[in-house]
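In this note's numbering, the protein residues as written are 1072 to 1440.
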Amino acid sequence: MSESPRPPQYPVPPLLDLPRRRPRGRVRWWVWAAVTGGGLVLLGILMLSLALDPGGSRRATPDGRAGASALIEEIVEHGGAGEKIALIEIQGIIGGPLRGSAGMVDLVRDQFDRIASDPAVKAVVLRVDSPGGEVLASDEIHDSIRQFQDRHQRPVVASMGSLAASGGYYVSAPCRWIVAHPLTLTGSIGVIFHGYNYRGLLDKVGIRPEVVKSGRLKDMLRGDRLAEEELPEERAILRDLIHQNFDRFKQVVQEGRGGDGANAGGRRRLAGNWEEFADGRILSGVQAYDLGLVDELGSLDAAVARARTLAGIGKARLVTYRSPSRLSDLVPFLGIGASGEVRIRWDGWAPAAGIPEGRLYFLSPLHVH
């Protein structure tokens, strides 16, 4: 049987250089790389937080704050000696919330407890830069300062910054010595109650409040009432409360400045007419010095030098104490509460930045919104 003829062979044209499709695996690789990188960053932040405060949650007090023993000592200025001077700062509205769950009163109290347990700390400098704040919070800080000096016989020197008005002066008054800069704004001795009546706005938008109350005065100073609904005794009751706290303020000044007699240790004595200036007005550091409300004009350095003199020491390290850092401090826009709740916080955006209503304040009128 004869062999069949082979088909003709034609040359094969060269393959066209078509663009290749990107494999899907490469896209997945980039996704996994991003996820893995983000996880490593969060893990690193967590490990750093634990390194800054190992076991900090175990040392917390029952109310959630760090507690005196958990405070971290930091050196502000090296003095080359074993003695220390502690620096405590009072900044912003007194009574306002601070980092974590601790308020200003708790933090100041913890700092004084920590200082009391360290015999190397011979004196305290209280750096005040505040327009004042809540009446109760100011009084509690005042009591912490007074009790510390009475129990441990270590001087506390107040150093007023740019502003130490109203409650800012209230917490300075019990200090053994007060130093103010000549340009410090201080004084504003008085009490204020602040609120709003928004009934006119409600009437414009057609909203009518419905109130059921147990007594005539239960809705005293409610913000949605008509002017004619206000009872005459309401203002009298509020004035009595304000004058009671105002008398307490003047008593604190009298006791803190050593009474009407000559002040010991070279301190300035109160001017005989100082109460004429206790009408809420703002005073400069120079005016406060002339009235005997402060003892010395100078800066923070002058206050530290005075603290060394009162403590009878030469060189000393200037130290401060801070709460231990936590994960929510390292990632400022992420707040993690003690209950485990996660909150998103955008600092600087405050649609209702005014002070809370319905409270009495030792507060500069310049800071009432």
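Where a beta carbon is used, it is the ideal one built from N, C-alpha and C, also for glycine. Please read these numbers as outputs of a predicted model, since none were measured by experiment.
Subject >> Distance between residue 1309 and residue 1289 (C-alpha atoms, nearest Å) >> reply: 13 Å
Original post:
Between the stretch 1211-1230 and the stretch 1253-1264, do at least 3 Cβ pairs fall closer than 8 Å?
Top reply: no
Subject >> Minimum C-alpha distance to residue 1215 - residue among 1175, 1299, 1201 and 1193 >> reply: 1175
Subject >> Whole runs of the beta strand (DSSP E) within the stretch 1186-1241, excluding any shorter than 3 residues >> reply: 1192-1201, 1203-1205 and 1227-1236
Original post:
Are the stretch 1384-1392 and the stretch 1260-1273 touching, with three or more C-beta to C-beta distances below 8 Å?
Top reply: no
**OP:** Let me know the secondary structure DSSP gives residue 1254 once reduced to three states.
**Re:** coil
Subject >> C-alpha gap between residue 1180 and residue 1157, whole angstroms >> reply: 14 Å
Original post:
Relative to the C-alpha of residue 1339, which residue among 1278, 1248, 1322 and 1301 is closest?
Top reply: 1248
Original post:
Terminal residues of the continuous beta strand (DSSP E) containing residue 1159?
Top reply: 1155-1162
Subject >> the stretch 1201-1216 / the stretch 1232-1243 touching (three or more Cβ pairs under 8 Å) >> reply: yes
Subject >> Terminal residues of the beta strand (DSSP E) in which residue 1354 lies >> reply: 1353-1355
Original post:
CB-CB under 8 Å to residue 1393, same chain, minus the five flanking residues each way: which ones, in chain order?
Top reply: 1142, 1143 and 1145
Original post:
Between residue 1166 and residue 1206, what straight-line distance do the alpha-carbon atoms span, to the nearest angstrom?
Top reply: 9 Å
Original post:
Just curious, the alpha helix (DSSP H) that residue 1143 is in, first and last residue?
Top reply: Premise fails: residue 1143 lies in the beta strand (DSSP E), 1143-1148, not in any alpha helix (DSSP H).
Subject >> residue 1364 - containing alpha helix (DSSP H), residue span >> reply: Careful: residue 1364 lies outside any alpha helix (DSSP H) and carries neither H nor E.
Subject >> For residue 1275, the nearest candidate out of 1295, 1390, 1163 and 1325 (CA to CA) >> reply: 1295
Subject >> Contacts around residue 1213, its chain only, beta-carbon distance under 8 Å, and the 5 residues preceding and following it disregarded >> reply: 1241, 1242, 1244, 1245 and 1323
**OP:** Report the residue from 1305, 1297 and 1272 whose alpha carbon sits nearest the alpha carbon of residue 1286.
**Re:** 1305
Subject >> residue 1249 - partner residues in DSSP beta bridges >> reply: 1229
Subject >> Per-residue DSSP class, three states only, for residue 1283 >> reply: coil
Original post:
Is the Cβ-Cβ distance between residue 1164 and residue 1434 less than 9 Å?
Top reply: yes
Original post:
If we count the other Cβ atoms within 10 Å of its Cβ and call it buried at 16 or more, is residue 1364 buried or exposed?
Top reply: buried
**OP:** May I ask which residues mark the beginning and end of the beta strand (DSSP E) holding residue 1288?
**Re:** Neither: residue 1288 is in no beta strand (DSSP E) and is coded neither H nor E.
Subject >> Bridge partner(s) assigned by DSSP for residue 1391 >> reply: 1145 and 1158
Original post:
Leaving out five residues before and five after residue 1361 in sequence, what residues of the same chain have Cβ atoms less than 6 Å from its Cβ?
Top reply: none
**OP:** Using the Cα positions of residue 1149 and residue 1391, report the straight-line distance between them to the nearest angstrom.
**Re:** 12 Å
Subject >> Cβ shell of residue 1319 (< 8 Å), same chain only, five flanking positions each side left out >> reply: 1210
Original post:
What separation, rounded to the nearest whole angstrom, lies between the Cα atoms of residue 1356 and residue 1345?
Top reply: 14 Å
Original post:
In angstroms, rounded to a whole number, what distance separates the CA positions of residue 1366 and residue 1264?
Top reply: 31 Å
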